[in-house]
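Residue numbers (our numbering), protein chains in the order written: chain A, 3 to 140; chain B, 3 to 140.
Worksheet: one structure, shown below.
Number of protein chains: 2
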Amino acid sequence: MNIGQAAKASGISEKMIRYYESIGLIAPVRRTASGYRIFSEQDVHALRFISRARDLGFSVEQMGNLLALWQDRHRASADVKAVAQAHIEELDDKIEKLQGMRRTLEHLVKHCHGDERPECPILGDLAAESLELEAGTP
Amino acid sequence: MNIGQAAKASGISEKMIRYYESIGLIAPVRRTASGYRIFSEQDVHALRFISRARDLGFSVEQMGNLLALWQDRHRASADVKAVAQAHIEELDDKIEKLQGMRRTLEHLVKHCHGDERPECPILGDLAAESLELEAGTP
DNA sequence: CTTGACCTTACAATAATGGGAAGGTTTATG
DNA sequence: CATAAACCTTCCCATTATTGTAAGGTCAAG
Chain A
3 MNIGQAAKAS GISEKMIRYY ESIGLIAPVR RTASGYRIFS EQDVHALRFI
53 SRARDLGFSV EQMGNLLALW QDRHRASADV KAVAQAHIEE LDDKIEKLQG
103 MRRTLEHLVK HCHGDERPEC PILGDLAAES LELEAGTP
Chain B
3 MNIGQAAKAS GISEKMIRYY ESIGLIAPVR RTASGYRIFS EQDVHALRFI
53 SRARDLGFSV EQMGNLLALW QDRHRASADV KAVAQAHIEE LDDKIEKLQG
103 MRRTLEHLVK HCHGDERPEC PILGDLAAES LELEAGTP
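See the structure below:
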């Protein structure tokens, strides 16, 4: 299997496969005499593993940890669980941050007439001209 | 006011102030004979505007639009509202994506024993060895 | 007049990805 | 067999927003 086929089979672009190799996330694969990469089923399996981990939002570093655990027959599932839980917390942080932004913005949008006139509480809030809408006094 | 004071007053780092100037988000401010930047109250006001917009997750490009609207006396609030609403949709997309990841991960974590044994549904799912946990057959 | 705290520019790095150029290789077709 | 299309290779650049660092100029206080 050459890199194009491996890319299709794994859902990771050729570019990213080369990148993952260059940073050591995956080991260099075999090459033909002329330098073309040859991917075994095993190699593609690892790429699919990465693809799924990536879909779950794991960073390259976390994927490295997961791959190492995956390939370690004597791993403890507790270690895997710890990585996953840490990632859940990261996700929660991001989600909460975005939701906070969303709430504030939603509030401002609700109070904006959205017509031809220039008066606008959204700009008012950004310029802090007006009476602190929302901002933390519940 | 020099850049250090403007940074403290606005909550934007010196670095980022220079950067925002370099990319044209803010106009170049006055300089002393020796080249030090001098920030007026107006300049700092604009920086605070940017700081708040940034806290709401607006991109540099969006902040540029908002600044332009802010400084346009004849703006229509509808235009501001449109920018804000577009951003809310972006936030919603991001939130939904993260929540999807979180749900899947939570599900996997729940089924992982988290002990000394190597068996782990989290790795199993990433390797797609097992019976498609979660993945779209409700 | 020196020291330390400031300022200046310029360049590099981060994380993950895409784009393209310049050139070698394999495959299909005439 | 020759040639063209479709691959592959490496290398460099761009992205977004931000921080770090280095080398050097300036200012205020002692």
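Note that CB positions come from ideal geometry on N, CA and C, so glycine has one too.
8 Å CB neighbourhood of residue i in its chain, flanking five on each side removed
| i | result |
| --- | --- |
| Leu-93/A | Gly-59 |
| Arg-32/B | Arg-39, Ile-40 and Ser-42 |
| Gly-138/A | Because Gly-138/A sits at a pLDDT of 38, beneath the cut-off of 50, its placement in the model cannot be relied upon, and the point is left open. |
| Pro-140/B | Legend: pLDDT at Pro-140/B = 34, less than 50; position of this residue unreliable, no value from coordinates given. |
| Leu-27/B | Ile-52, Val-62, Met-65, Gly-66 and Leu-69 |
| Arg-77/A | Leu-71 |
Per-residue contacts from residue i into chain B (C-beta, under 9 Å)
| i | result |
| --- | --- |
| Arg-54/A | Asp-127, Leu-128, Ala-129 and Ala-130 |
Interface partners of residue i on chain B, CB under 8 Å
| i | result |
| --- | --- |
| Gln-44/A | In chain order: nothing, as chain B lies at least about 11 Å away. |
| His-89/A | Leu-107 |
| Ile-97/A | Ile-97, Leu-100, Gln-101 and Arg-104 |
| Ala-35/A | Correct list: empty, because the minimum Cβ distance to chain B is about 32 Å. |
Residues of its chain near residue i, where Cβ-Cβ distance is below 7 Å and the 5 sequence neighbours each way are ignored
| i | result |
| --- | --- |
| Ala-101/B | Sequence inspection shows Gln at residue 101/B; the Ala mentioned does not correspond to that position. Result list for Gln-101/B: empty, nothing under 7 Å. |
| Glu-136/B | Model confidence at Glu-136/B stands at a pLDDT of 43, short of 50, so the residue's coordinates are unreliable; what they give is reported in the following sentence. Closer than 7 Å at the Cβ level, and outside the excluded window around Glu-136/B, lie Thr-106 and His-109. |
| His-122/A | Reading off the sequence, residue 122/A comes out as Cys, not His. Excluding positions up to five away in sequence, the list reads Cys-114. |
| Pro-30/A | Glu-23 |
| Glu-16/B | Ile-5, Gly-6 and Ala-9 |
| Ile-19/A | Ile-5, Ala-8, Ala-9 and Leu-49 |
Other residues of its chain near residue i: CB distance less than 6 Å, five sequence neighbours each side excluded
| i | result |
| --- | --- |
| Ile-124/B | Leu-110 and Cys-114 |
| Met-3/B | Phe-41 |
| Asp-45/B | Val-31 |
| Asn-67/B | Val-85 |
| Met-65/B | Ile-52 and Ala-55 |
| Ser-12/B | Val-46, Leu-49, Arg-50 and Ser-53 |
Neighbouring residues, chain B, relative to residue i (Cβ below 7 Å)
| i | result |
| --- | --- |
| Leu-110/A | Ala-86 |
| Val-82/A | Cys-114, Cys-122, Ile-124 and Leu-125 |
Neighbour list for residue i in chain A, Cβ cutoff strictly below 9 Å
| i | result |
| --- | --- |
| Phe-51/B | Leu-125, Leu-128, Ala-129 and Ala-130 |
| Ser-79/B | Cys-114, His-115, Gly-116, Asp-117, Glu-118, Arg-119, Pro-120, Glu-121, Cys-122, Pro-123, Ile-124 and Leu-125 |
8 Å Cβ cut-off: residues of chain A touching residue i
| i | result |
| --- | --- |
| Leu-27/B | Per Cβ cutoff of 8 Å: no residues; Leu-27/B is ~14 Å from chain A at best. |
Practice item. Would you check if the stretch 75-94 of chain B and the stretch 114-127 of chain A touch, i.e. whether three or more CB-CB distances between them fall below 8 Å? Key: yes
Check your understanding: Counting pairs of beta carbons, one from the stretch 47-60 of chain B and one from the stretch 69-82 of chain B, are three or more of them closer than 8 Å?
Key -> yes
Review point. What residues from the stretch 61-76 of chain A come within 7 Å of chain B, judged by C-beta to C-beta, listed N to C?
Key: Leu-68, Leu-71, Trp-72, Arg-75 and His-76
Practice item. For the stretch 72-112 of chain A, list the alpha helix (DSSP H) runs that are entirely contained and at least 4 residues long, ordered along the chain. Key: 79-112
Review point. Going along the chain, which residues of the stretch 4-21 of chain A sit with their C-beta nearer than 8 Å to a C-beta in chain B?
Key: none
Exercise for review: Tell me the start and end of each unbroken alpha helix (DSSP H) in the stretch 12-69 of chain B that is at least 4 residues and wholly inside, in chain order.
Suggested key: 16-24 and 43-57
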